[in-house]
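Asks:
Residue numbers (our numbering): 2 to 546.
#1: If you check the beta carbons only, do residue 138 and residue 47 fall under 8 angstroms apart?
#2: Taking 8 angstroms as the threshold, find out whether the segment 67-75 comes into contact with the segment 16-29 through three or more Cβ pairs.
#3: Would you kindly work out how many angstroms separate the C-alpha atoms of residue 1 and residue 391, rounded to a whole number?
#4: Excluding the 5 residues preceding and the 5 following residue 2 in the sequence, name in chain order all residues of the same chain whose CB lies nearer than 7 angstroms to its CB.
#5: Starting from residue 178, follow the alpha helix (DSSP H) in both directions and report where the run begins and ends.
#6: How about residue 143 and residue 149: do their beta carbons lie closer than 8 angstroms?
#7: Less than 7 angstroms between C-beta atoms, sequence neighbours within five positions excluded: which residues of the same chain meet that for residue 125?
#8: For chain D, find out if any of its Cβ atoms is closer than 8 angstroms to the Cβ of residue 156; answer yes or no.
#9: Whose C-beta lies closer than 8 angstroms to the C-beta of residue 209 among residues of the same chain, with five residues either side of it excluded?
#10: What three-state label does DSSP hand residue 63 in the structure shown?
#11: Among residues of its own chain, excluding the 5 on either side of residue 103, which ones have a beta-carbon nearer than 7 angstroms to its beta-carbon?
#12: If you count every other CB in all the chains shown that lies within 10 Å of the CB of residue 539, and 16 or more means buried, which is it?
#13: Quick one: what's got a C-beta closer than 7 angstroms to residue 238's C-beta in the same chain, skipping five residues either side?
#14: Please classify residue 465 as buried or exposed, where buried requires at least 16 other C-beta atoms within 10 Å of its C-beta.
#15: Grouping DSSP H, G and I as helix and E and B as strand, with all else coil, what is residue 223?
#16: Name the residue from 487, 377, 57 and 198 whose alpha carbon lies nearest to the alpha carbon of residue 402.
#17: Can you tell me whether residue 351 is buried or exposed, with buried defined as 16 or more other CB within 10 angstroms of its CB?
#18: So, helix, strand or coil for residue 228, using DSSP?
#19: Looking only at its chain, what residues have a beta carbon closer than 6 angstroms to the beta carbon of residue 506, apart from the 5 residues adjacent to it on each side?
#20: Could you check if residue 443 is buried or exposed, using at least 16 other CB atoms within 10 Å of its CB as the buried criterion?
#21: Which residues in the same chain have their Cβ closer than 7 angstroms to the Cβ of residue 248, if we skip the five residues on either side of it in sequence?
#22: Going by DSSP, which residues form a beta bridge with residue 442?
#23: So, with DSSP's three-state summary, where would you put residue 289?
#24: Assuming contact is defined by CB atoms lying nearer than 8 angstroms, are residue 343 and residue 431 in contact in what I supplied?
#25: Relative to the C-alpha of residue 337, which residue among 323, 479 and 315 is closest?
#26: Between which two residues does the beta strand (DSSP E) containing residue 417 stretch?
#27: Per DSSP, which one or two residues make a beta bridge with residue 148?
#28: With a threshold of 6 angstroms on Cβ separation, who are the neighbours of residue 11 within its own chain once the five nearest residues in sequence on each side are excluded?
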């Protein structure tokens, strides 16, 4: 590995500086900047998260921020109110106070003598979320953002709920993680004698966040706040959305590319929840260099060519034997010049769920019963993988054996999909509640079943996540929902399998009643797959990174 130690600019570091908010609460920041920036002001790049700059993210910060400073930027890492060395108490995620503070920080940055008034914002996960949210507030100094592993939809695409189902895998775990982060004391060397008073106040007032989350089980105003999908037009600045297929937030990237009207780009690798220069599975990329191309274009007006490239670049994974860990995912880089695609190179293919197969030809109507097994989901892997051994989904055959399965024909050539598979089902329930989990798998000639995508729906939410209704027992209804966005190249000799179940634990908390679900085959029961043909743009990316 090559490590860059010499830069165009000598770097000056300010280990701590206080940024005072309008209510006099002080936020603690660390700044890396060119040592001549007082004479030659530079653009600023903000990262604004609650993960403690002096210890929690210190190693990671030492990789990116000095790199940007060495290339002529002021890089600022701020501890949010109530976290790390900043004053105050953090009462929840993405509250208006958090976002208002960020706007104040951006204004403060633009007014410093070493800043030329141009500001960018970036972050992964929480920092990716609030970069989008702050952009929607339109601070005039904010010209561009990079949002990594984040979501535009706080209700349906985060650790709390999915398809109206309680996400038992990570909701409680995430709440306790944040409780532990905020229970750590601030640094006495930064805060002086006040450190104990501030720490005690946090210990007394920091809530267990899961209580608030579970008190909002519908898509109400609590979740609409901070969900930029509610109004994509609120974002004017340039947006670069980056993530990985092994990360749970890849859905948002394609939605952002479809919904935003501002300058935008997307990059999706095979990665888990990590910055792409070290994320597993590989291949990794020079992520700091890619960021620099974006910042140089939008904050310095340098023609780096980045906006002449296709709007979306993604890793197209190949078929491979299912394993719970791998360091590299075979595949290739592909590109789409516009999104959503509108030409003949890309189309949805309808496959009907017939009694014995998944087929383009619809068979006469019949009905099938779902198995009631509660064991489906035990080999689904970790919802929030960081790339550690054992986190990825294993062979799905054991789950398929207790699910209702529909297999396609065996394909005699490679078949590619890119986007969100979409499922429509006509069914009835013996109870007034229930859930459906759907899994799309790549089945090899040896019978091994590789998980490609999955989705959930709480059946009481089939009309609306905001205004759910109990089902009428025995009454037939039609439900439609998307599976997770994915890219996959199905190998010749393999086939698709769609597996349906009424449980998906531990990802989804089980329904309180064991319902008997009946599915009706016919014109209202089908799977739509986003088929894609190869493009000339794909070949141009082979040696891109």
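Ideal Cβ positions, reconstructed from N, Cα and C, are used throughout, including at glycine.
Replies: Result, derived from the coordinates:
#1: no
#2: The answer is no - the segment 16-29 does not touch the segment 67-75, with fewer than three Cβ pairs under 8 angstroms.
#3: With the chain represented from 2 up to 546, any question about residue 1 goes unanswered, as that position is not in the structure.
#4: With a pLDDT of only 42 at residue 2, under the threshold of 50, the placement of this residue in the model should not be trusted; the figure read from the coordinates follows. Same-chain partners within the cutoff: there are none.
#5: 172-183
#6: no
#7: 149, 150 and 276
#8: The chain inventory of the structure shown lacks chain D, comprising one protein chain alone.
#9: The answer, listed in chain order, is 176, 177 and 180.
#10: helix
#11: 49, 131 and 135
#12: buried
#13: 136, 143, 144, 145, 146 and 263
#14: When all chains shown are included, residue 465 counts as exposed.
#15: helix
#16: Closest option to residue 402, Cα to Cα, is 377.
#17: exposed
#18: coil
#19: The residues are 378.
#20: Classification for residue 443: buried.
#21: Excluding residues up to 5 positions away in sequence, 150, 272, 273 and 274 lie with their Cβ nearer than 7 angstroms to the Cβ of residue 248 in the same chain.
#22: 452 and 498
#23: helix
#24: no
#25: 315
#26: 416-420
#27: 124 and 242
#28: 36
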